[in-house]
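Okay, so here's the structure we're looking at.
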Amino acid sequence: VADIDSVTILLVTIIAVAIATAGVNIICNFVAPVYDLINIRPGLFTFRRAGTLVAVLSVVVTPWNLFSSPVIVNQLIGGIGAFMGPLFGIIVVDYYLLRRKRIDTESLFTSRPDGIYFYRGGYNPRAIAALVIGGAVALLLTFVPAWADAVPFAWPAGILVGGLAYRLLNSGRTVRITPEETAEAAVPVR
Numbered sequence: 001v002a003d004i005d006s007v008t009i010l011l012v013t014i015i016a017v018a019i020a021t022a023g024v025n026i027i028c029n030f031v032a033p034v035y036d037l038i039n040i041r042p043g044l045f046t047f048r049r050a051g052t053l054v055a056v057l058s059v060v061v062t063p064w065n066l067f068s069s070p071v072i073v074n075q076l077i078g079g080i081g082a083f084m085g086p087l088f089g090i091i092v093v094d095y096y097l098l099r100r101k102r103i104d105t106e107s108l109f110t111s112r113p114d115g116i117y118f119y120r121g122g123y124n125p126r127a128i129a130a131l132v133i134g135g136a137v138a139l140l141l142t143f144v145p146a147w148a149d150a151v152p153f154a155w156p157a158g159i160l161v162g163g164l165a166y167r168l169l170n171s172g173r174t175v176r177i178t179p180e181e182t183a184e185a186a187v188p189v190r
């Protein structure tokens, strides 16, 4: 940058980088949460209503304060990871142990109450309970000062505790899908 002699080229480059940065942040940090809210409650949220809520929350949360200290940054990332670990553990246990790698692809994309993935009102209470249990353990490892040395292990601990809790909450349950149903639901390759 110091070697560029033209102020015009430098100014155009700075403006282009600023626009690119703003564009990426709008797409990554605004549109995705808006669609998440719409998918959670399609009847309640429109794009405009969800966008307004996301915009207001983005100011209320004051994200610039989250990066004022390296300790806060570490705790923020640890807190987010505290729930990502159990979520990963639940997904792995559900796919490999409970469903034995059998998925009815058609049922994944339906919102019919009789679908095998609908559970109760579209939510799996056992998975939510396992997420809370695993997340609580991981959060304790992240935020309790006496366990400061265990912070790097919060994510793997969350995987183990969340996965184990989900397995125990589903003990004795059988999978309702058979390989034949999976094959029938598959789209033929042309």
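Numbering (full-length UniProt numbering), first residue to last: 1 to 190.
For each residue, glycine too, the CB sits at the ideal point set by N, CA and C.
Note that the coordinates shown come from a computational prediction; the quantities given were computed from them, not determined experimentally.
Query                                                                                                                                                : Result
Cβ of residue 130 within 8 Å of Cβ of residue 165?                                                                                                   : yes
Please report the residue range of the alpha helix (DSSP H) in which residue 17 lies.                                                                : 7-26
Skipping 5 residues on each side, what residues in its chain have a beta carbon closer than 7 Å to that of residue 126?                              : 166, 169, 170
May I have a chain-ordered list of the alpha helix (DSSP H) segments no shorter than 4 residues that lie completely inside the stretch 104-186?      : 105-108, 125-143, 154-169, 179-185
Let's see if you can read the secondary structure: which residues bound the alpha helix (DSSP H) around residue 63?                                  : 63-66
Run through DSSP, which three-state label would residue 52 get?                                                                                      : helix
In the structure shown, what three-state DSSP assignment does residue 33 receive?                                                                    : helix
In the DSSP assignment, find the unbroken alpha helix (DSSP H) run with residue 71 in it and report its ends.                                        : 70-92
Among the candidates 35, 64, 68, 117, whose CA atom is the shortest distance from the CA of residue 52?                                              : 35
Any beta carbon of chain B sitting closer than 8 Å to that of residue 170?                                                                           : Going by chain labels, chain B is absent from the structure shown, which holds only one protein chain.
Which word fits residue 14, buried or exposed, when buried means at least 16 other C-beta atoms lie within 10 angstroms of its C-beta?               : exposed
Kindly indicate which three-state DSSP category residue 47 falls into: helix, strand or coil?                                                        : helix
If you drop the 5 nearest sequence neighbours on each side, which residues of the same chain put their C-beta closer than 6 Å to that of residue 33? : 54
Mind checking whether residue 90 and residue 162 have CB atoms under 8 Å apart?                                                                      : yes
Are residue 79 and residue 158 closer than 8 Å when you measure CB to CB?                                                                            : no
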